[in-house]
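>
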Amino acid sequence: MITMFFWFLHIAYALVLIYLVLGFIIAFEVSAAMSGGELAIRWLRNHFTYHELYWSVIIFYPMLKLGYFLLEILPSIFTRGIYCSFDLDYLFDELFNHQ
């Protein structure tokens, strides 16, 4: 019984770490693409189809909001700069309709 609980905890820990790492990677790339980064747009086009990115956005939506806060809102508070809007429709249109 103890060994099953041990493996359950390790698997749960591994899944949480995988979610966090993949979520931060996708969140930072999507935030960079929303702000107009050409390298991020090219990276997203090369690594995702429309449906893959759509499901990644659904799965990692909390991480997208956290990445947007860390990359756009928080720096604009300290620098009083202008930040890009969180507009996923514009991003999908830019990525997959204007090739």
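Take 287 as the starting number for the sequence shown in my numbering and just add one per residue.
All C-beta atoms in this analysis are idealised placements derived from N, C-alpha and C, irrespective of residue type, glycine included.
#1: Determine the direct distance from the alpha carbon of residue 353 to that of residue 300, and round the result to whole angstroms.
#2: Output yes or no for whether 7 Å exceeds the beta carbon distance between residue 318 and residue 350.
#3: Scan the segment 299 to 374 and note each continuous alpha helix (DSSP H) run of 4 residues or more that stays entirely inside, going in chain order.
#4: Three-state secondary structure (DSSP) at residue 290?
#5: So residue 320 and residue 375 are in contact, right, with Cβ under 8 Å, and what is the actual spacing, rounded?
#6: Would you call residue 357 buried or exposed, if buried means 16 or more other Cβ atoms sit within 10 Å of its Cβ?
#7: Pick out whichever of 289, 360, 290 and 340 has its Cα sitting closest to the Cα of residue 316.
#8: Is residue 377 buried or exposed, if buried means 16 or more other CB atoms sit within 10 Å of its CB?
Taking the geometry as given:
#1: 21 Å
#2: Not closer than 7 Å, so no.
#3: If we require 4 residues or more, the alpha helix (DSSP H) runs fully inside the segment 299 to 374 come out as 324 to 333, 336 to 345, 347 to 354 and 360 to 365.
#4: helix
#5: No, residue 320 and residue 375 are not in contact; Cβ-Cβ is about 11 Å, not under 8 Å.
#6: buried
#7: 340
#8: Counting the other CB atoms within 10 Å of its CB gives residue 377 a total of 16 or more, which places it among the buried residues.
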